[in-house]
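Novice: Protein chains in written order, with our numbering: chain A, 1 to 727; chain B, 1001 to 1451; chain C, 2001 to 2154.
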Amino acid sequence: MQLTITIDGKAVSVNPGATILDAANSAGARIPTLCHDNRLHPYGACRICMVEVEGPPRRMMTACTTPAADGMIVNTASPAVVEARKDILELLLINHPLDCPVCDKAGECRLQDLVHEYGLGPSSFAEEKRQLPSDHDSAVIERNANRCVLCGKCVRICKEQNAVEELAFTRRGGRSRISVAFDRPLDCEFCGECVDICPVGALGAKQFKYKARVWNLEQTPSTCIYCGCGCPVSLEAHKGSVVRISPADDNYLCVKGRFGWDAVHHADRLTTPKMRVGGELVDCTWDEALAVIATNLKVIKNKRGADSIGGLGSVRTTNEDNYAFQKFMRMVIGTNNIDLLARFKIPRGINASFFSGELGRIGESDVILMLDQDTGDINPLTGIGIVRAVNRRGSKLILCGTGRNKFKSIASVVIPQDTGSALASLTAGLRSARRIVSTRVKQAVELLTSAGSVALILPPRLAPDTFTLVRELAGILKQVAYYPLVMRGNIQGAMDMGVLPDYFPGYQAVSPETAALWGKRWNASLPEARGMSAEEMMTGIERGKLSALYIMGDDPVSSIPGLVPILRRLEFLVVQDIFMTETAKIAHVVLPAASFLERSGTFTNLERRLRRISRAEEPLGESKEDWEIIQAIAHKMGRPMNYASVGGIMSEIRTGVPFYGHLAVNACWPREQSPLSGSLADLSLSSDSIAAHEVITAGRLLFSSGGMITRSKEMGTIGRASTEAEV
Amino acid sequence: MEQLLLKRINVPGGLDIDIAMAHGAYGALRISFGMRPVDVIDEVKRSGLRGRGGAGFPTGVKWGFAAMDPKMPKYLICNADEGEPGTFKDRIILERDPHLLIEGMIIAGYAIGAERGYIYLRGEYPAAADILERAITQAYEKGLLGNNIIGSGVTFDLSLHRGAGAYICGEETSLIESLEGKRGQPRIRPPFPANAGAWGKPTVVNNVETLANVPGIMALGSEAYSKLGVEGSTGTKIFCVSGAVNRPGAYELPLGTTLREIIYTHAGGIRGGGKLKAVIPGGASTPMLTAEHIDVKMDYSSLLSTGSMLGSGAVIVMDDSTCMVHATAVIIRFFEHESCGKCTPCREGTGWLHQIYSRMLRGEGGESDIDVLLGICRKMKGKCFCPLGEGAIQPVLSSIKYFREEYERCIRERGCGGEQCKGMMQGSKHHMTNKFQAPSTKSQTLRTLDF
Amino acid sequence: MLNDEARERIRLAALRYPEPRAALLPALHIAQKEAGYVSEDAMRFIAGQLNVPESEVFGTATFYSLIRRSSSGRHVISICHNLPCTLLGAEPLIGHLKSRLGVDEGEVTPDGRFSYQRIECIGRCDGAPAMLVDDDYHGDLTPEKIDGILEKYA
Ligand SMILES: Cc1cc2nc3c(=O)[nH]c(=O)nc-3n(C[C@H](O)[C@H](O)[C@H](O)COP(=O)(O)O)c2cc1C
Ligand code: SF4
Ligand code: FES
């Protein structure tokens, strides 16, 4: 039953349970808030949202906490309301330092805006202001307690959205403040969500301190490329240089997305092409570099055949770059030797588009079974989705794992076993109750059997026997949604684009028919047999089968041990990257690419959602967007591609890849449309798959993400940024 | 005079359950178990009993809400946080007749369908804690707590939960938060505790004295009980008299007894032959009255018509030697200290008030201070999250209303320099600079402030 | 750190509630009883045992004025300074106590015997001015009476 409530003379109908604030929003009346946020449970502390509810008796109520009642008559702007708000503002200001000139929040400070809007006069406050110590010791974030208005949003988002609970209210009354346990510096996930949600300048990002006044920032909507979540962001630039990255709207950003981008301003950035002259890499012109590449590739192709050349695409670049790259390898070079390093030693098929649906829908499952205890570190947004599902929609979480884990606090059951053993005991338990030994497994089995739907959060890599168990478990449960974690940025997009030795774009398996089809499109004759995988390329080099390798945007040397002597055997190695990586250091030609802040294109996240990447800075030095470089080489080799812009590539993708045909930006392409579609059980492991490769990592995954993050100054201050191998 | 609440407090050895039982303890239990829970609730409704914790909400009605909610389990919580300055009535029951309370709780639990009860006892009552622990243990031993109480099939478990020094935890939703192991900050209402209280379950929170009335009601019958006191304020009430009287103490008297009778007949009149100057009739958060109100009847509605409230029934008496600025300052210091800090008006307002009072007592009051004080009260009024902040302004408003010229003199004469005022200032400074607080720096001593 | 008995008492306390977190205040009391105050270590231990974040344990502990976070004297004097006691002379008495002990509020006497704190109403207004020494109540205080009481605590 709908309720009707009158807001400033306008009748609106709302659902039961709606607050006056909700009703006002639908009536288009603006009620100011400080402590309220739609992502959080109502709190009602700041009292700025007071409205007048007609009586009898006529009374002042907080709009954010008062449920709308049928027939209620509310004034949101009567003189009494305006006076009440002024009173609250004055009370807030008595202890608030008026240091707006040196506060980075100025310009987007709710308090400042409200004081301005309500035009406060001089205050009668003539006492001393409260003085609290500030926190300059924490990494990445600075806390200025004197500016705090104790709205508690930081505390609540840390708990209700992130399940971290690093911040808490401490002490009491006028001595209340927000602290970390025992008043120590922050030791958390450093997502910076608290900085964003703070309505005043009590929490600030060190990275942004004194960088720019917010009203001078130019916003460019784009996408974070660090992990498969691909969160929408706003690139905020001042004088042509990005100074801050914020989540778009109310979205979440993790530490990498928010603070790790400063890597693109690292001194390791390549600014000119380089080629090897007498053993040394020396700067050269684009023309020189392109000529050397074209000549060498032609010579090798003529001498040893197209299949002696291989290419590795990139999970850090756009769909368009990857499309252009595979097209280059197939059409210009004439080989299917193309793959992603990110798939090195990964069972084929896994990760390919079987994420069941949108992240926001995790909450539609009654039970969430988390089979990877690093979920929050690998795909932070997926982790947030789970916390939201539990905290807001009441989904039950079963957590498998042995380590310290923030999800323990919200889990209904914790099974202290690794993925494989937990799966084994659960499947056994589901088959026969008599085989259950532990009460925890019993509770979990009860939850699973009574659940109408179950979401499975799977590790990014599954050992074959674990994979079998997952299939078995899925077979028993009623309705299962899969959420395999995706470590690396655009792996989904790169695979969709056919950066695979056995698939053309759109998962069209390599065959004489598909080769003919794509050949017709590209006006070329294409190789008809599958090419070498990343792993086969490496062994191919050792066996003398591969003589040249073109690596676009990846750094195998830093992630796979013992690779340098192997790569040194190559006759010709081209590395195209944004940094002078370890791999670049042994290349024959090194090409400077533009970073994700300096380019445009699209990205496909783990939900198969198309995201847009946009340019907020000019490419550094002489660096160029990857596709431009590829196109230039193609041109030099006599097979021009003729794209006028990235848009041209996207049009071609839309014709060739059916499920991108009408895919709108920010929409997910439907899983059923992929030839590889179907449930997890449809995917088979191919024979060459090898058990999960050990990841070389020296710290939390959250604070590491290969070459980008290790070059971030901000992330470095967290002190635990590790050099994780990119596998 | 009918004594329902304090009748056993002077029984020698009365803390012992056998002796208490010999004097009638747990007698009303059988009567109650012989009735259906709804009938017990009806009986309490008919008795007219209203909560003695301060708000005066009809007890039977509150029980009815919780009893009707289908969610299980349900909880009964006894509010023994007794923090309202001047109040010590609950302590007398807790320390001297704990079985009266336990009996009341068992009956209440039975009536609302709660099988679990907690006594939330303020941390400042260590003696009562020991006594209650023992009384609870004895009641278990006698089969009066636990499963199948005296063969009735009724289950009721009871535990003591000690607070740790926070007045706000007397407010029922803060109390529940505190019971759950959190900071004692009030919750948003609705939902009300009767529907979603402790651990989200239907919960009744009742004051000690309220629950202590229950055995009497069941024993006497609602009819006889409701004849005690006056219309709308039935039963007896324990009045706690403190301050400048000859015989401070707790007096159980019918509601509607006059203030004069309480002060002059029972509490022995003003100490040292002084003159009555001001009275706080219901604890620190109720507006002050003056000698002219001496004939007011102490019941819910008569006090409302004087502009004050019955509150907890703590009568704090001030004679003509009292500095009203100072007395008010002490109360404000209390509220500043006890504000939970959640909402803006209470947190900032009590702090600001306290700063001004301190300054006035230091002899640094300014001409505009009275207006500023009134202004702060106006800014706070009707905007606080819970009644604590609303209560905090009452002593300020009422003392200025009745004793404005004392404020003016205090300002004019730069404080009185009296022992008490000076002492408080030393104390209060200390009080303010708790050790977590950074020392204030020169640059922060902004004297004027323009927005 | 907490001794075994204290740990066991905390474990038992948790059983009285539907959720273990509710045993947080009891646990803080137990820890304070043992050491005279609640140390960071004790709070960490409690956090682990009751599965409450450390920040929340700290935030909760600092909310309550009876929970001490630094060491106290062997005996803690809590002297009431609320209105009923003030009306009957609490301030001069606090002054007396302070000069007798020779330390400020919150400090420990050199012999380690006492520390004192001001406290809000302790519900002994019928015996005002009043104070608590540890768990013992003393009322109708005068300077002489305070001197006598202090003698009794070693
Ligand atoms: C700030 C504040 C402090 C309170 N302190 C107490 C208290 O110490 N004892 C008490 O019984 N009720 C206290 N109350 C009232 C309780 O919120 C609640 O109304 C009462 O426990 C209900 O019990 P009753 O209906 O039996 O009175 C307080 C209320 C407020 C707002
Ligand atoms: S730090 Fe900011 S977000 Fe947190 S309570 Fe203070 S004002 Fe609110
Ligand atoms: S926004 Fe409603 S009280 Fe803060």
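Backbone N, C-alpha and C fix where the C-beta goes; we use that ideal spot for every residue, glycine too.
Starting from Ala-1066/B, trace the alpha helix (DSSP H) in both directions and tell me its first and last residue.
Specialist: Residue 1066/B sits at position 66 when you count from the first residue of the second sequence. It spans 1059 to 1068 - the alpha helix (DSSP H) in which Ala-1066/B sits, taken as one unbroken run.
Novice: For chain C, check one thing: does any of its Cβ atoms lie closer than 7 Å to the Cβ of Phe-407/A?
Specialist: As a first step, residue 407/A must be located in the first sequence, where it is residue number 407. No, Phe-407/A does not count as interfacial toward chain C.
Novice: Quick check on Ile-1188/B - is its C-beta less than 7 Å from some C-beta in chain A?
Specialist: Sequence index remark: in the second sequence, residue 1188/B carries index 188 (1-based). With 7 Å as the cut-off, Ile-1188/B counts as an interface residue toward chain A.
Novice: In chain order, what are the residue ranges of uninterrupted beta strand (DSSP E) at least 3 long that sit wholly in the region 16 to 72 of chain A?
Specialist: For the region 16 to 72 of chain A, whole beta strand (DSSP E) runs of length 3 or above, ordered along the chain, are 50 to 53, 59 to 62.
Novice: Would you say the beta carbon of Thr-1137/B comes nearer than 6 Å to a heavy atom of ligand 1?
Specialist: Here the question's residue 1137/B lines up with position 137 in the second sequence. No, the beta carbon of Thr-1137/B sits no closer than 6 Å to any heavy atom of ligand 1.
Novice: DSSP on Ser-686/A, reduced to helix/strand/coil?
Specialist: As a first step, residue 686/A must be located in the first sequence, where it is residue number 686. Since pLDDT at Ser-686/A reaches only 32, below the 50 mark, its modelled position is unreliable, and the value read off the structure follows with that caveat. Residue state, collapsed to three classes: coil.
Novice: Compare the C-alpha of Met-715/A against each of Glu-128/A, Ala-68/A, Gly-55/A, Glu-189/A and name the closest.
Specialist: For this step, residue 715/A is matched to residue 715 along the first sequence. That would be Glu-189/A, whose Cα lies nearest to the Cα of Met-715/A.
Novice: Compute the minimum distance between the beta carbon of Arg-58/A and the heavy atoms of ligand 3, and state whether it is under 6 Å.
Specialist: Taking the first residue of the first sequence as 1, we reach residue 58/A at position 58. Answer for Arg-58/A: no, Cβ out of range of ligand 3.
Novice: Using a Cβ-based criterion (distance less than 6 Å to any ligand heavy atom), does Thr-33/A qualify as near ligand 3?
Specialist: If you number the first sequence from 1, residue 33/A lands on position 33. Yes.
Novice: Would you grab the beta carbon distance between Leu-2132/C and Ser-2071/C for me? Rounded to a whole angstrom, and I think it's under 8 Å.
Specialist: Looking up residue 2132/C in the third sequence gives position 132. Looking up residue 2071/C in the third sequence gives position 71. Contact doesn't hold; Cβ gap of about 19 Å is too wide.
Novice: Assuming contact is defined by CB atoms lying nearer than 7 Å, are Ser-1242/B and Cys-2125/C in contact in what I supplied?
Specialist: Counting from one through the second sequence, the residue named residue 1242/B turns up at place 242. Counting from one through the third sequence, the residue named residue 2125/C turns up at place 125. For Ser-1242/B and Cys-2125/C, yes; Cβs fall inside 7 Å.
Novice: Taking Arg-1036/B as the reference, which of Met-1218/B, Lys-1275/B, Arg-1412/B has the closest Cα?
Specialist: In the second sequence, the residue the question calls residue 1036/B occupies position 36. The candidate whose alpha carbon is nearest that of Arg-1036/B is Met-1218/B.
Novice: Excluding sequence positions up to five away, which residues of its chain have a Cβ less than 6 Å from the Cβ of His-36/A?
Specialist: Along the first sequence, one-based indexing puts residue 36/A at 36. If we look at His-36/A and ignore the five residues flanking it on each side, its Cβ neighbours are Cys-64.
Novice: Spatial neighbours of Gly-1274/B within its chain, please: CB distance less than 7 Å, with the 5 preceding and 5 following residues excluded, ordered by chain position.
Specialist: Sequence index remark: in the second sequence, residue 1274/B carries index 274 (1-based). Ala-1244, Asp-1319, Asp-1320, Ser-1321, listed in sequence order.
Novice: Would you give the residue range spanned by the beta strand (DSSP E) that Thr-602/A belongs to?
Specialist: As a first step, residue 602/A must be located in the first sequence, where it is residue number 602. Segment 601 to 604, the beta strand (DSSP E) holding Thr-602/A.
Novice: Do we get a CB-CB distance below 7 Å when we pair Ser-2055/C with the residues of chain A?
Specialist: Looking up residue 2055/C in the third sequence gives position 55. Closer than 7 Å: yes.
Novice: Return yes when at least one heavy atom of ligand 3 lies under 6 Å from the C-beta of Gly-475/A, else no.
Specialist: As a working note, residue 475/A is residue 475 in the first sequence. False, no ligand heavy atom lies under 6 Å from that Cβ.
Novice: Would you mind sorting Gly-1365/B into buried or exposed? The rule is 16 or more other CB atoms within 10 Å of its CB.
Specialist: Here residue 1365/B refers to the residue found at position 365 when the second sequence is read from its first residue. Burial call: buried.
Novice: Would you mind reading off the limits of the alpha helix (DSSP H) that contains Asn-1079/B?
Specialist: Locating residue 1079/B in the second sequence gives position 79, where the first residue counts as 1. No alpha helix (DSSP H) holds Asn-1079/B; the beta strand (DSSP E) holding it covers 1075 to 1080.
Novice: Could you check if Ile-476/A is buried or exposed, using at least 16 other CB atoms within 10 Å of its CB as the buried criterion?
Specialist: In the first sequence, counting from the first residue as 1, residue 476/A sits at position 476. Exposed: under 16 other Cβ atoms inside 10 Å.
Novice: Do Asn-605/A and Gly-257/A have their C-beta atoms within less than 7 Å of each other?
Specialist: Here the question's residue 605/A lines up with position 605 in the first sequence. Here the question's residue 257/A lines up with position 257 in the first sequence. Against a cut-off of 7 Å, the Cβ pair of Gly-257/A and Asn-605/A comes out as no contact.
Novice: Would you mind giving the Cβ-Cβ distance between Gly-1415/B and Gly-1363/B, rounded to the nearest angstrom? I have them listed as a contact below 8 Å.
Specialist: Your numbering for residue 1415/B matches position 415 in the second sequence. Your numbering for residue 1363/B matches position 363 in the second sequence. Their Cβ separation, rounded to whole angstroms, is 3 Å, which keeps Gly-1415/B and Gly-1363/B in contact under 8 Å.
Novice: Mapping DSSP to helix, strand and coil, what is Met-1432/B?
Specialist: Along the second sequence, read from residue 1 onward, the residue named residue 1432/B stands at position 432. With a pLDDT of 34 at Met-1432/B, under the threshold of 50, the modelled position of that residue is not reliable, and the figure given next carries that caveat. Reduced to three states, the DSSP call for Met-1432/B is helix.
Novice: Cβ of Asp-268/A within 7 Å of Cβ of Met-552/A?
Specialist: In the first sequence, the residue the question calls residue 268/A occupies position 268. In the first sequence, the residue the question calls residue 552/A occupies position 552. Not a contact, by the Cβ cut-off of 7 Å.
Novice: For the region 168 to 200 of chain A, which residues have a CB atom closer than 7 Å to at least one CB atom of chain B, in sequence order?
Specialist: For the region 168 to 200 of chain A, which is checked against every Cβ of chain B, the residues closer than 7 Å are Phe-169, Arg-171, Arg-172, Gly-173, Gly-174, Arg-175, Ser-176.
Novice: Just to make sure I have the definition right: I need the residues of chain C whose C-beta is within less than 7 Å of the C-beta of Glu-166/A. Which are they?
Specialist: Stepping through the first sequence from its first residue, residue 166/A is reached at position 166. Those within 7 Å of Glu-166/A in chain C are Ser-2055.
Novice: Among the residues of its own chain, which have a CB less than 8 Å from the CB of Ile-1149/B, if the five just before and after it don't count?
Specialist: As a first step, residue 1149/B must be located in the second sequence, where it is residue number 149. Closer than 8 Å at Cβ, skipping near neighbours: Leu-1029, Phe-1033, Ile-1106, Gly-1143, Thr-1155, Phe-1156.
Novice: Near Val-441/A, which residues of its chain fall below 8 Å by C-beta distance, leaving aside the five closest residues on each side in sequence?
Specialist: Taking the first residue of the first sequence as position 1, residue 441/A is located at position 441. Taken in chain order, the residues that qualify are Ile-415, Ser-425, Leu-426, Gly-429.
Novice: Thinking just about the alpha-carbon of each residue, which of Ala-548/A, Lys-274/A, Glu-218/A, Glu-108/A is nearest to the one in Lys-301/A?
Specialist: For the purposes of this step, residue 301/A is taken as residue 301 along the first sequence, with counting starting at 1. That would be Ala-548/A, whose Cα lies nearest to the Cα of Lys-301/A.
Novice: For Leu-663/A, which residues of its own chain have a beta-carbon under 7 Å away from its beta-carbon, when the five flanking residues on both sides are left out?
Specialist: Numbered from 1 along the first sequence, position 663 holds the residue referred to as residue 663/A. Hits under 7 Å: Leu-610, Trp-669.
Novice: Taking the continuous beta strand (DSSP E) assigned at Cys-1240/B, which residues delimit it?
Specialist: One-based indexing of the second sequence puts residue 1240/B at position 240. From DSSP, the beta strand (DSSP E) with Cys-1240/B extends over 1236 to 1243.
Novice: Give me, in chain order, the residues of the same chain whose beta-carbon lies closer than 6 Å to that of Thr-285/A; leave out the 5 immediate sequence neighbours on both sides.
Specialist: Stepping through the first sequence from its first residue, residue 285/A is reached at position 285. Nothing meets the Cβ criterion.
Novice: In chain order, what residues of the same chain have a beta carbon less than 6 Å from the beta carbon of Val-1296/B, not counting five sequence neighbours either side?
Specialist: As a first step, residue 1296/B must be located in the second sequence, where it is residue number 296. Contacts found: Leu-1259, Ser-1302, Thr-1306.
Novice: Cβ closer than 8 Å: which chain A residues qualify as neighbours of Arg-1345/B?
Specialist: Position 345 of the second sequence holds residue 1345/B. First, the amino acid is wrong: residue 1345/B is Pro here, not Arg. Those are Arg-47, Asp-87, Ile-88, Leu-91, listed as they occur along chain A.
Novice: Show which residues of chain C have a CB atom less than 8 Å away from the CB atom of Thr-975/B.
Specialist: Missing from the structure shown is residue 975/B; chain B here goes from 1001 to 1451 and no further.
Novice: For a contact defined as C-beta to C-beta under 7 Å, what are the partners of Glu-65/A on chain B?
Specialist: Numbered from 1 along the first sequence, position 65 holds the residue referred to as residue 65/A. What sits at residue 65/A in the sequence shown is Thr, not Glu. What Thr-65/A touches in chain B: Ile-1188.
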